[in-house]
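Have a look at the structure below, then the notes.
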Amino acid sequence: MRRSWGLTAALVLTVAAGAGGSLAPTAAALTPPVAFTADDLPTWQTNGIVWALAEANDTVFVGGTFSAVRPPEGAAGTPKTAVNFAALNTATGAPTDCTLSFTVGSGTATVRTLVVSPDKKTLYAGGYFGAVNGTPVSSLAAIDIATCAPRANFTPSFPATVRALAVTDTTIYAAGDFGTVEGQTRQRFAALTTAGDLLPFTANADEPGRAIEVTPDGRHVVLGGDFFTVNGSNSHALAVVNATTGAVTRAYPNGWIHQNSVVKDIETDATGFYTANEGTGGGVFDGRIAMNLDFEQRWRDTCLGATQAVRSYQGVLYSASHAHDCSSVGEFPDGRRYHLLAQPTTSTGKLGWFPDTNDGGAPPEVEGIGPRVMTISGTGTTKYLWVGGEFTTVNGAPAQGLTRFASGPDTGAPTVPVASAAAVTPNAVQVRWRSSLDLDDSKLTYKVYRNGAASPVATVQGDSLHWSRPQVSFKDTDVTPGQTYTYRVSASDAAGNTSSLSATATVTVPTSPEPYASQVIADGASLYWRFDESTTPYAADSSYGDNSGLYVNAPALRQTPGAVSGASTAVSLNGTDEQIYSDRRQTPTGAFTVETWFRTTTYRGGKLIGFGNNTTRNSGSYDKHLYMTNTGNVVFGVYSGSVRTLTSLGSYNNGAWHHAVGTQGPEGMRLYIDGKLVGSNGVTTNQQYAGYWHVGADNLSGWPLKPTSNFFAGQLDEAAVYPKALTAAQVAKHYSLASAPADSVATVTASEDTYVNAGATDTNYGTSSSLAVRGTSAYESYLRFTLPSAPAGTVLKSARLAVKTTTMTGAGSVDSQSVVPVTGAWTEDGVTYDTRPALGPEPVGTLTGATDGSAVYSAALDTSAVSARLGGSYSLALTSTGTDPLWLWSSEAAAAEGTPQLVLTFGAP
């Protein structure tokens, strides 16, 4: 890496070790202890790879393999020649007037390492080059920062690439591919005076050196690279040597770091040092190691993904890699790549900081690694984290080779929540949403708005990471049976950046419990997916476990009829690449039950529901599952040292809905189909590991009667998981309740609506987007609905009129409004105050409390009066005796959200 040690470093260590001391204010808007936003700043770009970064006096020095720099994407400006080096302004990201060309007579010149002297006066550059601005050098150069000129009297000879440098007040330490320096044997590591004279320091290694750093006390040097021996001692990839002699102080024998893993970078701070490792081969150590100053390991982060650089700052270790599998430390499974990560210097757990790059170009031109180097700059209160490498995008937008992130301000808003709402009992609505993602804030604040009100009905906090976005929910108990409610949710970070409101989630509260769903919840489901969504990817959890899911590859939703009576729908999977998996990693232990309904005619089988240790890729560990064979049999299986299964004798791929339940508890395993026990054994244990619940697909290799396809083709509904074994009676009850009568809701929007005005007696308002109600001077509104007949075997159980106030100032009213049947004739485009229709003698409902603008309100209507008009046309008037007008949206208004409307709930007599 690159580090200068001396008086400046000592001051840094003193402040860091002090009581709460800090060199720069923490960005309070970020989730502590992260110090930088994830919002990338406009920065000049390179046309090649950036290998090295260093900083001094608000200038960032850039080294690599490139020939030009250009303005940020879309910005004005002209590209500039830059031969393997550039100097950029820390705060603007634009070039300074310092121009250096690093060249070589034959081969490809490259700058691989840059480091600034402790006094900030000299820049040292290493790599493979023979001249700087025409001044002869040999792969190591000293640059006077004030004049931007190479020091002609600094001419040490390195016959091969110098890959890393560290500098103190008196000494330069180098690592690389060389075997000699100044004609004397120095294999891969060497030390020189700041004048360029070779020192006796000898730390000969058998393979290239890639990283070098000095410990905070200046007594030792930490070496990193590909080597297996240092001065003859068995030490692979990492070693600590005496800073004066090079004698080995601490060796790490081959195997302590895997033989196919090398150290690419080393970082030191006041508490110890950190390595960035890259492995070759599947599962080879690719992560980071934290070491204490006694040279013992503090922790080891075994994430896979070729770590290239590490940087410690204010208690956080920032890393550059392409991490793709952190399951070994309890985080994300093998899958997408994360190129920039942050974690406390005290542990492996990742923090909520997720700016990202891509890998960059494709081999053989580049390795496709992504970011390779980092530095922190800035002499003022604003600090900047600079990142260089071979990437070509940052946060999804074009940016090549360079990017930077500031300590503030934080300007990025969280993603918009995806919300839904459901009610299975008359006394509560469950509002739930997938937690939003903010690239630099893991703790977000959500506000829930009901019926368009300006003030939230609830404020909820929730944590989320890129790979763990669990459901957040709010239980609204201030509800009325039969009434329709709308909900929208926003997400805000600590800086006040707020997302747009979610799409509206609408729910009508039932007048009686939904038989099936309320029983599943009462029986303790910890995951309950009903598949009632209208859009992907979020699959809501109706249990109290907040175990939401994600639809993969957009399966067909809202399939009817569902498996249970009522309005609930099913999901249809194509049997090729569609499934649903849970959004939160968990480790089930002990007894459990898996339950689902399915309907299919497939002869290729597939997994119905189960548990596995991956998400979209095939799991390596997988059991606690129900799957179908090619012949339509259902298998329930667990792994308890060997696969243990129960198989139904009957086949169930006949196109009808079937209920499948697998339980395991103290009495063993049980398999139920359509409410009846079809198999049992005494196996009471299963494999315990961290993973995700899957519906519709996952690995089945090695299981008996393995079907042709892991993916199920057909419809699935009402999938549930319980942390206990359901009893036979509970399973049978679930099956029977699926066909029990359930309430159904019909929503009828006004077919005609208008109002009349006593102040304009001959004016018709049929095309107006508004309705009005007032006693003096009078406004009256008229609404016409075409009512459905009651579904067979049901009666009308409740009826409500829903309206929405407009956004105009004073749209709400402190007065109440009567809902009165219209007995006379009227038409939307013909009625005026002079021709207003006759009204019935008694109101059938009263609207009260409609005081806010842009909010939905409803009035309960007399059920018997509405029942008498089912199957025909029904007209209602809104009247008032007060003086405060109520302004409503008419059905013509886009903002009306379907109002005015009647919400009719039908159920068993």
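Under the numbering used here, the final residue of the sequence shown carries the number 931; numbering is consecutive throughout.
Even for Gly, the Cβ is constructed at its ideal location relative to N, Cα and C.
Check: Between the CA atoms of A576 and T637 - distance to the nearest angstrom; Outcome: 15 Å
Check: Cβ neighbour criterion (16 or more within 10 Å) applied to E864; Outcome: exposed
Check: Short Cβ contact (8 Å threshold) for D775 with T425; Outcome: no
Check: Stretch-stretch touch, CB-based, cutoff 8 Å, three pairs: the segment 568 to 586 with the segment 695 to 708; Outcome: no
Check: Residue span of the alpha helix (DSSP H) that contains K755, given as start and end; Outcome: A750 to L759
Check: Cβ neighbours of L523 in the same chain (closer than 8 Å, five flanking residues each side left out); Outcome: V438, Y471, R510, V511 and S512
Check: Three-state class that DSSP yields for Y661 in the structure shown; Outcome: strand
Check: Counted within 10 angstroms of its Cβ, other Cβ atoms place D720 as buried (16 or more) or exposed; Outcome: buried
Check: Reference A326, options E353, S334 and L693, closest by Cα; Outcome: First, the amino acid is wrong: residue 326 is Leu here, not Ala. Of E353, S334 and L693, the residue nearest in Cα terms is E353.
Check: DSSP bridge partner residues for P366 (one or two, in chain order); Outcome: V338
Check: Straight-line Cα distance separating I194 from A188; Outcome: 6 Å
Check: Where T609 falls, given that 16 or more other Cβ within 10 Å makes a residue buried; Outcome: exposed
Check: Extent of the continuous alpha helix (DSSP H) run through T885; Outcome: T885 to S889
Check: Cα-Cα separation, Q336 to A292; Outcome: 10 Å
Check: Inter-residue Cα distance where the pair is F734 and T591; Outcome: 18 Å
Check: Beta-carbon contacts of P745 that lie in its chain and below 8 Å, excluding the five residues immediately before and after; Outcome: G546, S548, P610, G612, A613 and F614
Check: Counted within 10 angstroms of its Cβ, other Cβ atoms place N519 as buried (16 or more) or exposed; Outcome: buried
Check: V501 - DSSP class collapsed to helix/strand/coil; Outcome: coil
Check: Cβ-based burial, V817 [other Cβ within 10 Å; buried from 16]; Outcome: exposed
Check: Buried or exposed by the 16-neighbour rule on C-beta atoms within 10 Å, applied to N175; Outcome: exposed
Check: Nearest neighbour of A147, chosen from D191, R606 and G85 [CA to CA]; Outcome: G85
Check: Under 8 Å between C-beta atoms of V240 and T190; Outcome: The sequence given here places Gly at residue 240; Val does not occur at that position. Contact: yes.
Check: Beta-carbon proximity check, I695 vs H716, cutoff 8 Å; Outcome: no
Check: Unbroken alpha helix (DSSP H) run spanning I543, endpoints; Outcome: P537 to A544
Check: For S458, the nearest candidate out of V494, A480, N282 and N449 (CA to CA); Outcome: V494
Check: CB contact flag (Y360, D378, <8 Å); Outcome: yes
Check: Check whether E740 and V586 have beta carbons under 8 Å apart; Outcome: yes
Check: Bridge partners - L221, DSSP secondary structure assignment; Outcome: Paired residue(s): none; L221 is not in a bridge.
Check: Residue nearest to W66 in terms of C-alpha spacing, selected from T297, A109, L52 and R394; Outcome: A109
Check: First and last residue of the uninterrupted beta strand (DSSP E) at H242; Outcome: H242 to G247
Check: Identity of the residues DSSP links to T667 by a beta bridge; Outcome: G659
Check: Whole-angstrom distance between P172 and G411, CA atom to CA atom; Outcome: 25 Å
Check: Run of the beta strand (DSSP E) containing K646, from where it starts to where it stops; Outcome: Y644 to M650
Check: Selection from E229, A217, L861 and T215 that minimises the alpha carbon distance to F200; Outcome: E229
Check: Candidates G663, H647 and R621, of which the one nearest T669 by Cα; Outcome: H647
Check: Which listed residue (G677, A212, A164 and N779) has its alpha carbon closest to that of S139; Outcome: A164
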